[in-house]
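**Student:**
Residue numbers (our numbering): 2 to 328.
Dropping the structure here:
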């Protein structure tokens, strides 16, 4: 019996390995185009899709190829790009989708549904909106854009998964970047409007509150002459108004002035800047007459406790500086 079980285990392992190598489609991955990312751009006459794939003929594991197609719709452009490939595309390892600069909510929703139906079963797709400053066409830039965006994800501990665009019927938040710093774009799906953060600190606070990031790493506006790095944990309480407790760990505050200011002074300056940006976020995203949507999931806590929210959202931010050795 032990011998039979051992043979069965080896057979199952061989079958699973064969399935993996074939991409569960019967064709070896070495004969297929392994897609790592898809980039969408919009033109007056339609859309262009660029598929970034691994170059399996190169000894350099980071080498890649691009395939581009255009069409009246995103689906047509994607199909045109896939038709230029030498082999059948495999999407199971795709980990990045970049939406067009200035992407509207209807277009974002269309692309999200296209990704979900075409790129399945890729489980780790991160979504960005392309920064408007990037010049088109982008085909020759896609390898660099891919590297920059993946580096940004790692540095900032940032991840906006594809499912984010389906989680809330009223709102969605997507980072906007080409690498380096990022902004956050908030969609109000019912009103078909979008608001974008205006500073790196506001974007990072918003991403942390959305659960898409766990780190602050930015230079504050010129008048503060301060750079900040920290891991961040957030806790939301609703005892009447919304209280957001932001705990900062492994904090690095760098004075950018010629004179070295004490840490306590730098903490006060950073806390004031964070509170100012937080108040600006609340005003921009929730307005003075109360929220139509709940992009930062703050009203959720009030509704759970009191059953409803009325009037303008009252929310305050408190920073907690975690010291080594504390729990």
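All C-beta atoms, glycine included, are put in the ideal place defined by N, C-alpha and C.
1. How many whole angstroms separate the CB atoms of residue 106 and residue 195, which I take to be in contact at a CB cut-off of 8 Å?
2. Considering only their Cβ atoms, is the gap separating residue 99 from residue 152 smaller than 8 Å?
3. Which two residues bound the contiguous beta strand (DSSP E) that contains residue 226?
4. Check the DSSP bridge columns for residue 106 and list the partner residues they point to.
5. Express the C-alpha separation of residue 85 and residue 298 in angstroms, rounding to a whole number.
6. Between which two residues does the alpha helix (DSSP H) harbouring residue 165 extend?
7. Count the other CB atoms, across all protein chains shown, that sit within 10 Å of the CB of residue 201; report buried if there are 16 or more and exposed otherwise.
8. What is the DSSP secondary structure of residue 95, counted as helix, strand or coil?
9. With burial defined as no fewer than 16 other Cβ atoms inside 10 Å of the residue's Cβ, what is the status of residue 177: buried or exposed?
10. What is the DSSP secondary structure of residue 300, reduced to helix, strand or coil?
11. If you measure between the beta carbons of residue 66 and residue 54, is that distance less than 8 Å?
12. For residue 322, write down the residues that DSSP places opposite it in a beta bridge.
13. Just verifying my parser: in three-state terms, what is the DSSP assignment at residue 267?
14. Could you check how far apart the C-beta atoms of residue 247 and residue 233 are, in whole angstroms? I think they sit under 8 Å.
15. What number of angstroms, rounded off, separates the C-alpha of residue 278 from the C-alpha of residue 189?
16. Return the CA-CA distance between residue 243 and residue 224, expressed in angstroms with no decimal places.
17. Less than 8 Å between the C-beta atoms of residue 103 and residue 203, yes or no?
18. Quick one: what's residue 287 bridged to in DSSP?
19. Once you ignore the five residues that flank residue 80 on each side, which residues in its own chain have a CB closer than 8 Å to its CB?
20. So, at 8 Å on beta carbons, what are the nonlocal neighbours of residue 75 in its own chain, with the 5 sequence-adjacent residues on each side left out?
21. Per DSSP, residue 219 is paired with what?
22. Span of the beta strand (DSSP E) holding residue 52?
23. Tell me the DSSP secondary structure of residue 180 in three-state form.
24. Pull up the DSSP beta-bridge partners for residue 36, would you.
**Tutor:** By the coordinates alone:
1. 7 Å
2. no
3. Counting along the chain, residue 226 falls outside any beta strand (DSSP E), and DSSP gives it neither H nor E.
4. BP columns for residue 106 are empty, so no partner.
5. 43 Å
6. 165-168
7. buried
8. coil
9. buried
10. helix
11. yes
12. 249
13. helix
14. 6 Å
15. 20 Å
16. 30 Å
17. no
18. The partner list for residue 287 (beta bridge, DSSP) is empty, contrary to what the question assumes.
19. 70, 72
20. 41, 48, 50, 108, 111, 112, 115
21. 229
22. 47-55
23. coil
24. 54
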